[in-house]
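Presented below is the structure to which this report refers.
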Amino acid sequence: MEGLAMLKYLISQLHQLFHDSSSILLQQQQPSLPTTIFLHPPPPTTTRWTSFDSEEDSSVDDCCDLVMAAGKSHSFRISEPLKPPPAKKPRKDRSRGKSLGRSCSSEVMEQEIWKDFPEDLFEAVIARLPIAAFFRFRSVCRQWDSLLASQSFSQHCAQVPQENPWFYTITHENVNSGAMYDPSLKKWHHPSISPLPTKLIVLPVASAGGLVCFLDIGHRNFYVCNPLTQSFKELPARSVKVWSRVAVGMTVNGNSAGSGYKILWVGCNGEYEVYDSVKNSWNRPGNIPGSVKLPLSLNFRSQAVAIDSTLYFMRSDPEGVVSYDVATRVWKQYIIPAPLHLTDHTLAEYDGQIMLVGLLTKNAATCVCIWELQKMTLLWKEVDRMPNIWCLDFYGKHVRMTCLGNKGLLMLSLRSKQMNRLVTYNIARKEWLKVPGCVVPHGKKRQWIACGTAFYPCLTAVA
Amino acid sequence: MAEEKSQASSSKMLTLKASDGVLFEVELNIAKEMKTVQAYIDDCEDIETIPIPNVLGKHLAIVIEYIKKTNEEYDAEFEKQWNMDDLQLLLLAANYLNISGLQECLCKAIAKRIENKSPEYVRKVFNIENDHSPEEEAKLRKEYKWAFEGVDKD
Chain A
18 MEGLAMLKYL ISQLHQLFHD SSSILLQQQQ PSLPTTIFLH PPPPTTTRWT
68 SFDSEEDSSV DDCCDLVMAA GKSHSFRISE PLKPPPAKKP RKDRSRGKSL
118 GRSCSSEVME QEIWKDFPED LFEAVIARLP IAAFFRFRSV CRQWDSLLAS
168 QSFSQHCAQV PQENPWFYTI THENVNSGAM YDPSLKKWHH PSISPLPTKL
218 IVLPVASAGG LVCFLDIGHR NFYVCNPLTQ SFKELPARSV KVWSRVAVGM
268 TVNGNSAGSG YKILWVGCNG EYEVYDSVKN SWNRPGNIPG SVKLPLSLNF
318 RSQAVAIDST LYFMRSDPEG VVSYDVATRV WKQYIIPAPL HLTDHTLAEY
368 DGQIMLVGLL TKNAATCVCI WELQKMTLLW KEVDRMPNIW CLDFYGKHVR
418 MTCLGNKGLL MLSLRSKQMN RLVTYNIARK EWLKVPGCVV PHGKKRQWIA
468 CGTAFYPCLT AVA
Chain B
1234 MAEEKSQASS SKMLTLKASD GVLFEVELNI AKEMKTVQAY IDDCEDIETI
1284 PIPNVLGKHL AIVIEYIKKT NEEYDAEFEK QWNMDDLQLL LLAANYLNIS
1334 GLQECLCKAI AKRIENKSPE YVRKVFNIEN DHSPEEEAKL RKEYKWAFEG
1384 VDKD
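First to last, the sequence lines map onto chains A and B.
Counted the way our numbering counts, the first sequence spans residues 18 to 480.
Counted the way our numbering counts, the second sequence spans residues 1234 to 1387.
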């Protein structure tokens, strides 16, 4: 109806012009009717006039005839009036989950849209799936199965903020097919294929950038793998003749393993070497300076902590921490007295802050405590304890504890004669959570978990 | 003249024209959140109406409202209103207009909708043809058996 009103206005204008001038109104070069009748600004080059049909107003027909007679090569049309910006729809009009409707001029078939959906956007979505979903969807099609080898997918994964780490653990039943714990789903996963060659007996000693570093039980050879993808590498042999026990630390060069990683081993006699994944070789940059007291009574039960390019190891005699910066190649020593009655202690880290986790035993009572390192005074300050109710389970018993993981989220394995309790501790939230028992598929027995490490799951980390 | 313009830039209005001709008047600082529009403005300073040929008016309206209101709370509720097809068209719009916050929000939303589903469901929703051979597919399902636990029934 609006169009018709506009048409009537146009006609009245035309009548006006006819009366005002006897000359031919519509000239072929310049159809100069007052611009007010254009509801839609004409395209800059030409003005198109198309023939107009209306049965309702006979004056329109008359006018049309006139127009047609005056300028045969011209035709006119009333364009669709401009729509004002849509008023905001009240909430009730938008029902949940209902489509916005297809009543638009550029109708598109739903299926067609998805068919042309850019690969890049699919990758952005897939990179945000939980790990299990990613592996499940590899069977969707070949394209989705090949994403692990895609550079662009790798970049998408790097942009997704890392949430909780997973835990790669050694189960006593099958040392080489580690069980993995996913704390966000509180689920144990038992991959059917081990990332490690089955003939080896290795223990995880460090992790960084989604990769886990293993050392065989004879302390001879190092191996690196991504527990999720079986990307695996045996490191070249070290240049030592005696295979003594070593402490191991691992750092990544950039934000992820994409730019390479370094692995440091250090022995009690002060010997150490650094492996550079970019060069694929070991390097001995120098000797430990005299400021660090030798022999290094290293705490081998404690994992090393990495903060940026510096690795921190626990030592005793004197009690404290030694650090090595892989970028500046500088060793430092910090003397820090240990809390009393402390056993089974390990280093941990959160947001650049060094922490200590350990068992405090007084009389018959044992408790798990968390300390923070005061940088100014070099003293440990207690910041949290495991809930008393849980500690009571171990009253009067001889307890051992292993800390799996050393950054942000820790898994603690508490063991007494016939009991194995698994607990996670979130350093930021000071949250203690029980971990469900680990049972292998088709099995009933809970696995005894004593050894393992945390790793931040990264689909595209390559050993 | 140029100085006057820049002083008034914070309240300067811009018109965006969607693919179906719908016009939107938005403040310059809102429009600038769309990096594609920002680039257009950088190229032609005096422009007042910017064509957005790839986005329907309905979706451009949603995008503009998102930019105005985005915060943690809004984002959490935002995606719940749309079905999968709308999410997809909105993601295409956000991608074309280069609005990183909205792209992130929509990618996460779509991922969340499918994370507990089966591969068959995903193929159906995205209209993807299964080009695995039966042997390949069987192998993948066996290898990643652990990933198929607890999947929603289709």
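Note that beta-carbon positions come from the ideal geometry of N, C-alpha and C, so glycine has one too.
Contact between W348 (chain A) and V338 (chain A) is ruled out by a C-beta separation of about 11 Å, above the 8 Å threshold. V1355 (chain B) counts as buried, since no fewer than 16 other beta carbons sit within 10 angstroms of its beta carbon. The three-state secondary structure of A1272 (chain B), taken from DSSP, is helix. In chain order, R1356, I1361, E1362, N1363, D1364, H1365 make up the part of chain B whose C-beta sits under 8 Å from the C-beta of C158 (chain A). Using a Cβ-Cβ cut-off of 9 Å, Y1273 (chain B) does not count as an interface residue toward chain A, since no Cβ of chain A sits closer than that to its own. Ranked by how close their Cα comes to the Cα of L281 (chain A), the residues A:P135, A:V295, A:A264 have A:A264 in first place. Below the 7 Å Cβ cutoff, chain B contributes W1379 as neighbours of H206 (chain A), in chain order.
When the alpha-carbon of R1346 (chain B) is set against those of B:A1371, B:D1385, B:S1333, the nearest one is in B:D1385. A residue is called buried once 16 or more other Cβ atoms fall within 10 Å of its Cβ, and S308 (chain A), having fewer, is exposed. Looking from the CA of K1245 (chain B), the closest CA among B:D1253, B:K1265, B:Y1299 belongs to B:K1265.
In the pairwise beta carbon analysis, the segment 292-312 of chain A is classified as not touching the segment 354-367 of chain A: fewer than three pairs are separated by under 8 Å. At a cut-off of 9 Å between beta carbons, N1328 (chain B) contacts chain A. For K1341 (chain B), a Cβ of chain A is located within less than 9 Å of the residue's own Cβ.
P1352 (chain B) sits in a helix when the DSSP states are folded into three classes. With its beta carbon at least 9 Å from every one in chain B, P212 (chain A) lies outside the interface. Excluding sequence positions up to five before and after K379 (chain A), its CB lies within less than 8 Å of the CB of H358, all in the same chain and listed in chain order. One finds R155, S156, D162 in chain A with Cβ atoms closer than 8 Å to the Cβ of L1373 (chain B), taken in chain order. Closest option to A1344 (chain B), judged by alpha-carbon separation, among B:D1275, B:F1359, B:V1255: B:F1359. Not a single CB atom of chain B sits nearer than 9 Å to the CB of K414 (chain A). Under the three-state reduction of DSSP output, H415 (chain A) falls in the coil class, being neither helix nor strand. Cβ neighbours of R332 (chain A) within its own chain (closer than 6 Å, five residues either side excluded): L313, S314, L315, V339.
One finds F134, L138, A141, V142 in chain A with Cβ atoms closer than 9 Å to the Cβ of L1324 (chain B), taken in chain order. In the structure shown, E1369 (chain B) falls within a helical segment according to DSSP collapsed to helix, strand and coil. Contact between L164 (chain A) and I143 (chain A) is confirmed by a C-beta separation of about 7 Å, below the 8 Å threshold. The beta carbon of S319 (chain A) sits closer than 6 Å to the beta carbons of M331, T363, L364 from its chain, once the five residues preceding and following it are set aside; these are given in chain order. Three or more Cβ pairs drawn from the segment 445-465 of chain A and the segment 201-213 of chain A lie within less than 8 Å of each other, which places the two stretches in contact. Unbroken alpha helix (DSSP H) runs of no fewer than 4 residues, entirely contained in the segment 1295-1342 of chain B, are found at 1305-1311, 1317-1330, following chain order. Against chain A, the beta carbon of A1309 (chain B) has no neighbour under 8 Å; the closest one sits roughly 15 Å away.
In the three-state reduction of the DSSP assignment, N1360 (chain B) falls in the coil class.
One Cα belongs to P1286 (chain B), the other to K1250 (chain B), and the distance between them is close to 8 Å. Per DSSP, the unbroken alpha helix (DSSP H) holding I406 (chain A) starts and ends at 405-409.
Unbroken alpha helix (DSSP H) runs of no fewer than 4 residues, entirely contained in the segment 294-375 of chain A, are not found. Residue state for F134 (chain A) is assigned as coil, using DSSP reduced to three classes.
In the same chain as C1338 (chain B), and ignoring 5 residues on each side of it, the C-beta atoms closer than 6 Å to its own belong to D1308, in chain order. Interface flag for A1264 (chain B) against chain A is unset, since no Cβ pair is found closer than 9 Å. The Cβ of P1284 (chain B) sits no closer than 9 Å to any Cβ of chain A.
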